[in-house]
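The next block holds one structure in the form of structure tokens; read it before the comments.
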Amino acid sequence: PHTYFETAAVITTVILLGRALEARARSRASEAVRALMDLQPQSACVIRDGGEVRIPVHRVSPGDILLVRPGERIPVDGTIVSGSSSVDESLMTGESVPVERGEGDPVLGGTMNLQGAFRMRAERVGEETALRQIVRLVREAQAGKAAVQRLADRVSAVFVPAVIALALLSAAAWSVFGPEGSRAALAFTSFVSVLIIACPCALGLATPAAIIAGVGRGAEKGVLIRGGEVLERCGRITAVVLDKTGTLTTGALRVTDVVSVSEDGSRLLRLAAAAEKHSEHPLASAIVDRAVSEGLSVPGPEEFRSVAGSGVIARVEGREVLVGSPAFIAASGIPVQDVRNRVDALAAEGRTPVLVALDGRVAGVLGLRDSLKPEAPAAVRSLKAMGFRVMLATGDNRKAAASIAAEAGIETVLAEVSPAGKSQWIRELQEQGEVVAMAGDGVNDAPALAQADVGIAIGAGADAAKEASDITLVGSSLDGLVFALRLTRATLRVIKQNLFFAFAYNAAAIPLAAGVFYPFTGWKLDPMVAAFAMAASSVSVVTNSLRLRGFR
95 PHTYFETAAV
105 ITTVILLGRA
115 LEARARSRAS
125 EAVRALMDLQ
135 PQSACVIRDG
145 GEVRIPVHRV
155 SPGDILLVRP
165 GERIPVDGTI
175 VSGSSSVDES
185 LMTGESVPVE
195 RGEGDPVLGG
205 TMNLQGAFRM
215 RAERVGEETA
225 LRQIVRLVRE
235 AQAGKAAVQR
245 LADRVSAVFV
255 PAVIALALLS
265 AAAWSVFGPE
275 GSRAALAFTS
285 FVSVLIIACP
295 CALGLATPAA
305 IIAGVGRGAE
315 KGVLIRGGEV
325 LERCGRITAV
335 VLDKTGTLTT
345 GALRVTDVVS
355 VSEDGSRLLR
365 LAAAAEKHSE
375 HPLASAIVDR
385 AVSEGLSVPG
395 PEEFRSVAGS
405 GVIARVEGRE
415 VLVGSPAFIA
425 ASGIPVQDVR
435 NRVDALAAEG
445 RTPVLVALDG
455 RVAGVLGLRD
465 SLKPEAPAAV
475 RSLKAMGFRV
485 MLATGDNRKA
495 AASIAAEAGI
505 ETVLAEVSPA
515 GKSQWIRELQ
525 EQGEVVAMAG
535 DGVNDAPALA
545 QADVGIAIGA
555 GADAAKEASD
565 ITLVGSSLDG
575 LVFALRLTRA
585 TLRVIKQNLF
595 FAFAYNAAAI
605 PLAAGVFYPF
615 TGWKLDPMVA
625 AFAMAASSVS
635 VVTNSLRLRG
645 FR
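Residue numbers (the working numbering): 95 to 646.
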């Protein structure tokens with residue numbers, strides 16, 4: 095029988111060629127991280143002693159004043175102190191429309207300044223910038239293993255010894271039962287063919303290649319996914335719970351009504367703003383902004399305590415001031431019956447009523463209005479079309495919450511509930527068999543985000559790398575939420591396709607390589623063809639994963 099010495103060289107060449115193609119494809123899957131790294135400028139223009147000095151960006155310190163000219167990338171995270179401009183944040187947030195930034199507004203390192211020049215104060219530098227945190231999160235996610243990958247690893251641990259045993263068995267069978275004069279050649283070639291064709295490279299690549307591509311694509315669109323386990327949980331989601339303020343709505347609240355009961359309106363607003371001055375809640379910011387816009391001086395509170403999701407208790411100029419929801423004021427032992435009609439009237443008009451109590455008595459009611467995000471109704475329709483139950487959970491007044499929910503197209507509403515109450519409601523949904531995703535701004539929603547099967551933090555700027563969430567949307571658009579859930583589904587689908595092709599390929603090819611059909615049909619797999627097929631299987635798995643890079 096002929097002995098093909100060139101087989102050894104061809105097999106080696108083909109396997110190395112397959113590895114090279116595979117490495118190139120995997121490199122393309124990781125391009126998202128390199129693209130993010132390239133956003134970091136190499137130098138920054140610092141204002142020192144009235145002059146401009148250009149220094150390496152790694153030498154910028156918090157507190158430095160930087161000059162950013164049109165067409166330059168912003169070096170680090172900070173706040174504009176003078177000037178204004180349009181900033182392209184698309185490569186960070188995935189939102190293509192430039193945003194207007196002016197004095198007092200935050201800006202992100204790596205984003206592009208389009209038009210005007212401005213000066214900014216550096217606040218987060220080096221590894222603390224949102225860009226660096228995003229890169230770190232993406233790398234960690236791409237290096238992580240999904241449960242389905244661990245399953246593949248366990249299968250491989252059994253599969254490899256089984257294949258070696260099958261190769262030895264094939265060689266032994268042909269050595270004994272093969273045609274006279276060619277037994278040794280058939281035994282040897284079947285042994286080599288089985289080993290090569292069954293090499294589990296494709297099986298080992300099936301999951302990580304898809305995760306690398308999927309997580310990288312998410313990063314390009316401002317969606318940070320924390321690894322394969324999150325992807326798998328996303329594949330089982332049945333219900334999506336949305337927070338209201340800042341998630342379903344713009345969060346740009348404004349005080350529309352100041353209803354005085356026992357105190358002058360200006361003084362009522364001033365004391366309420368003083369009590370809320372140290373609070374981070376959007377309602378508090380709206381009250382302070384209204385007071386400042388009216389030219390009122392807002393002192394700091396002498397004492398301050400915040401009750402998450404309900405209100406604040408403060409002491410201002412010697413007076414006890416409580417500002418919060420009607421339920422919070424009532425729970426504090428202050429009668430609210432006298433203002434119930436006014437509260438209901440404001441809520442019926444879609445406003446959020448906030449009570450102000452002074453020294454144990456209700457002194458007035460503030461009405462605040464928030465507007466629905468323009469993309470919210472379409473996003474809710476998309477989520478429903480994907481088969482999810484969409485619900486709203488908020489600490490807001492029931493009538494105001496129902497008004498916003500109706501506008502967005504949401505039927506199920508949980509209103510007037512504390513952060514702990516949101517978490518409890520999600521737990522009850524889970525006990526009913528629902529797999530719940532919770533989307534919130536990550537401030538008052540931390541308990542609910544932690545309780546949900548998948549926590550999705552919607553925020554911008556320095557909040558990009560919230561540690562409490564499974565998925566973080568760098569931008570604030572609900573389109574990002576829809577994109578994230580569709581991307582996770584597509585990534586899971588690709589993983590399953592890869593695993594199927596890897597298993598199906600081995601199952602179909604091993605009998606042919608072992609020569610099972612040779613006695614009946616004369617079919618026999620040459621080791622060189624087996625090497626081509628093995629290399630092609632690995633490349634095809636990675637190439638299939640690369641389709642995620644163009645996911646829209």
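From the three backbone atoms N, C-alpha and C, an ideal C-beta is built for every residue, glycine too. Model, not experiment: these values are computed from the prediction.
Based on Cα-Cα distance, which residue from the options lies nearest to residue i?
i: Phe-212; options: Thr-205, Gln-227, Gly-481, Arg-163; result: Arg-163
i: Val-352; options: Ala-380, Lys-338, Ala-333; result: Ala-380
i: Pro-302; options: Ser-387, Arg-233, Trp-268, Ala-366; result: Arg-233
i: Ala-267; options: Ser-632, Glu-221, Arg-244, Ala-608; result: Ala-608
i: Ala-470; options: Leu-642, Ile-504, Val-193; result: Ile-504
i: Ala-224; options: Gly-616, Gly-569, Val-610, Phe-595; result: Gly-569
i: Phe-645; options: Ala-307, Ala-514, Asp-573; result: Ala-307
i: Leu-318; options: Ile-109, Gln-591, Ser-563; result: Ser-563
i: Gly-394; options: Ala-601, Ala-408, Leu-297; result: Ala-408
i: Phe-422; options: Thr-637, Val-401, Pro-150, Gly-527; result: Val-401
i: Ser-180; options: Val-201, Leu-160, Ser-517; result: Val-201
i: Gly-157; options: Ala-499, Ser-497, Ile-258, Glu-217; result: Glu-217
i: Ala-424; options: Glu-222, Val-410, Val-610, Arg-455; result: Arg-455
i: Lys-371; options: Glu-183, Glu-357, Leu-567, Val-392; result: Val-392
i: Val-484; options: Glu-183, Leu-572, Thr-283; result: Leu-572
i: Ala-430; options: Val-406, Val-459, Ala-441; result: At residue 430 the sequence reads Val, which differs from the Ala that was named. When only C-alpha atoms are compared, the closest one is Val-459.
i: Glu-731; options: Thr-350, Val-349, Val-406, Leu-390; result: The structure shown does not extend to residue 731, since the chain is modelled only from 95 to 646, so the question has no answer here.
Could you spell out the range, first to last residue, of the beta strand (DSSP E) harbouring residue i?
i: Gly-574; result: It is not in any beta strand (DSSP E) - Gly-574 instead sits in the alpha helix (DSSP H) that spans 572-608.
i: Thr-637; result: Premise fails: Thr-637 lies in the alpha helix (DSSP H), 621-640, not in any beta strand (DSSP E).
i: Pro-150; result: 145-150
i: Leu-567; result: 565-567
i: Ser-179; result: 179-182
i: Arg-348; result: 348-354
i: Arg-163; result: Run containing Arg-163: none; DSSP gives neither H nor E here.
i: Glu-212; result: Rather than Glu, the amino acid found at residue 212 in this sequence is Phe. 212-218 is the span of the beta strand (DSSP E), which, as asked, contains Phe-212.
i: Phe-398; result: 397-401
i: Leu-416; result: 413-418
i: Val-406; result: 405-410
i: Glu-194; result: 193-195
i: Ser-137; result: 137-142
i: Gly-534; result: 530-534
i: Val-392; result: Unbroken run through Val-392: none, as it is neither H nor E.
Starting from residue i, follow the alpha helix (DSSP H) in both directions and report where the run begins and ends.
i: Gly-359; result: 359-370
i: Thr-283; result: 277-291
i: Gly-515; result: 513-525
i: Arg-384; result: 376-387
i: Asp-438; result: 434-442
i: Ile-428; result: Note, Ile-428: premise wrong, no alpha helix (DSSP H); not H, not E.
i: Glu-501; result: 492-502
i: Thr-506; result: It is not in any alpha helix (DSSP H) - Thr-506 instead sits in the beta strand (DSSP E) that spans 506-508.
i: Leu-208; result: No alpha helix (DSSP H) contains Leu-208, which DSSP labels as neither H nor E.
i: Ala-540; result: 540-545
i: Pro-613; result: 612-615
So residue i and residue j are in contact, right, with Cβ under 8 Å, and what is the actual spacing, rounded?
i: Leu-133; j: Ile-604; result: 47 Å between Cβ atoms; not a contact.
i: Glu-397; j: Leu-363; result: Going by Cβ atoms, the distance from Glu-397 to Leu-363 rounds to 20 Å, so no, they are not a contact pair.
i: Ala-509; j: Ala-495; result: 4 Å
i: Ile-168; j: Gly-203; result: 6 Å
i: Ala-53; j: Val-382; result: Absent from the structure is residue 53, since the part of the chain shown begins at 95 and ends at 646.
i: Asp-337; j: Ala-114; result: So it is not a contact: roughly 49 Å between Cβ atoms.
i: Asn-638; j: Val-576; result: Not a contact, Cβ separation roughly 24 Å.
i: Ala-546; j: Val-530; result: 5 Å
i: Pro-87; j: Leu-347; result: The question about residue 87 has no answer, for the chain in this structure spans 95 to 646.
i: Ile-550; j: Ala-578; result: 7 Å
i: Ser-155; j: Val-219; result: 7 Å
i: Gly-172; j: Met-214; result: 4 Å
Quick check: the region 420-438 against the region 319-329, are there 3 or more CB pairs under 8 Å?
no
Which runs of the alpha helix (DSSP H) spanning at least 4 residues fall entirely within the region 446-483, listed in chain order?
Under the rule that a run must span 4 or more residues, the alpha helix (DSSP H) segments found entirely inside the region 446-483 read 470-479.
Are the region 539-550 and the region 298-315 touching, with three or more C-beta to C-beta distances below 8 Å?
no
What ranges does the beta strand (DSSP E) occupy inside the region 307-339, keeping only unbroken runs of at least 3 residues that lie completely in it?
317-319, 333-337
Pairing CB atoms from the region 440-449 with CB atoms from the region 462-481, are three or more of them under 8 Å?
Taking 8 Å as the limit for Cβ pairs, the verdict is that the region 462-481 does touch the region 440-449.
Give a yes or no on contact between the region 449-458 and the region 470-489, applying the rule of three or more CB pairs nearer than 8 Å.
no
Are the region 194-206 and the region 244-254 touching, with three or more C-beta to C-beta distances below 8 Å?
no
Closer than 8 Å is the cut-off here; do at least three beta carbon pairs connect the region 171-185 with the region 137-145?
No, because fewer than three Cβ pairs between the region 171-185 and the region 137-145 fall closer than 8 Å, the two stretches do not touch.
Could you say if the region 608-628 and the region 580-589 meet the contact criterion of at least three C-beta pairs nearer than 8 Å?
no
Touching by the beta-carbon criterion (3+ pairs, under 8 Å), the region 414-428 and the region 328-340:
no
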